[in-house]
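Read through the structure below, which is laid out as structure tokens, and then see the notes.
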Amino acid sequence: MKNFYKYSVLTCAILLAACQPKSEPKESQDQSQDPAMIQQQTESTLRGESVKVALTLPECKGNTCPDFVVERLQSNFAFIDQFLDEQILDQLSKMLDVVDADKAISTVQAAEQKPNLDTQVQHYANAFIKIDEELKALSISHQISLLVKPKILQTEGSLATVVLNSSSYMGGAHGATSQRYYNFDLVNQKQINLNDLLLAKQQAALKKLAHDAFKAWIVDSKLANNPEEYEQAWPFEMTDNFLLGENGLILQYGEYEIGPYVVGLPRLVIPFDQLKGVLKPEYLPKVDAPAASTVVADTKSKT
């Protein structure tokens, strides 16, 4: 009888376990992630626009009012927006070499764990207005201006490219301009530098191609008949400021880097056909395979 009760209890336990509802499977790690982050991981097209940074500037009327405009990028890739914010601040620090502004920004950074971009740009705007007031006090009535604005150029493919355009006029003989290109791998969400494009041990080969393009630019621009003589005053130097154009690799230079002010912002273009064996295949144009030729039988009788 004791064994009977033992087996009866065991049987009931098994039946009760079978009747219990199955536990729901745990949500996958992907389901717990931020939907925006998941979208960015699968997104392959950069979309966005530049918007003005909100600033407080003094009221002014007339054609000598200082003009201070800074725009930032708002896109579907947060890591690019954050990177560009840092570059905008870096560019402002170069354009406005003002100690007071740097001290004020350092104070804000010490007080805030993550300083707001608007707050940091406002300090540069204040320094800019102070410069204008000092010029006006010296009876210099020129309109000074400053502009920093990012723009999306290439939105998809092996690289997405954003250019940061900057210009300023601070009352001197002429203004200053710059164009800085930033390239991004959207799939892996990282910035791509010039060396990242190259096959192993091809830095010297690329530098030679760039130097040859520099010599051709000297002659084509009629800057000198002899490139060697020109290089005595303006020696060639390599740059890491680049973008991939329709016809080749474009190396962008700044003012006074490889020529006098009159040449502006020089560009050297290295055609893609010269870059085979230098650039990684994924950064070269895709060549469509030729269509298979159709052989037409000769039905004419031979005589």
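Under my numbering, the first residue of the sequence shown is numbered 101, with each subsequent residue one higher. Each residue gets a CB set at the ideal place from its N, CA and C atoms; glycine is no exception. These numbers come from a predicted model, not from an experiment.
query: Simplified DSSP assignment, three categories, for L309; result: helix
query: Neighbour-count burial assignment, H274, 16 or more Cβ in a 10 Å radius; result: exposed
query: Whether K307 touches M338 by CB criterion (7 Å); result: yes
query: Cβ distance (whole Å) where N347 is taken to contact V369 below 8 Å; result: 6 Å
query: Proximity of L309 and Q374 at Cβ, strictly below 7 Å; result: yes
query: Terminal residues of the alpha helix (DSSP H) in which F228 lies; result: L217 to A237
query: Rounded distance between the beta-carbons of Q187 and Y281, thought under 8 Å; result: Rounded, the Cβ-Cβ distance is 11 Å, inconsistent with contact.
query: Straight-line Cα distance separating S193 from V169; result: 15 Å
query: Reference L196; option with closest CA among Q332, A260, I229 and R367; result: I229
query: Inter-residue Cα distance where the pair is C165 and A305; result: 50 Å
query: As assigned by DSSP and simplified to three states, the class of K315; result: helix
query: Environment of A316 [buried if 16+ CB atoms lie within 10 Å]; result: exposed
query: CB contact flag (I358, P366, <7 Å); result: yes
query: Secondary structure of L375, DSSP reduced to three states; result: coil
query: Buried or exposed by the 16-neighbour rule on C-beta atoms within 10 Å, applied to T156; result: exposed
query: Contacting residues, own chain, Cβ-Cβ under 7 Å from V151 (five flanking each side not counted); result: E171, R172 and Q174
query: Which listed residue (D232, V248 and K249) has its alpha carbon closest to that of S241; result: D232
query: Opposing strand residues paired with E171 [DSSP bridges]; result: K152
query: Within 7 Å, strictly: CB atoms of L247 and S267; result: yes
query: Residues bridged to I252 (per DSSP); result: V262
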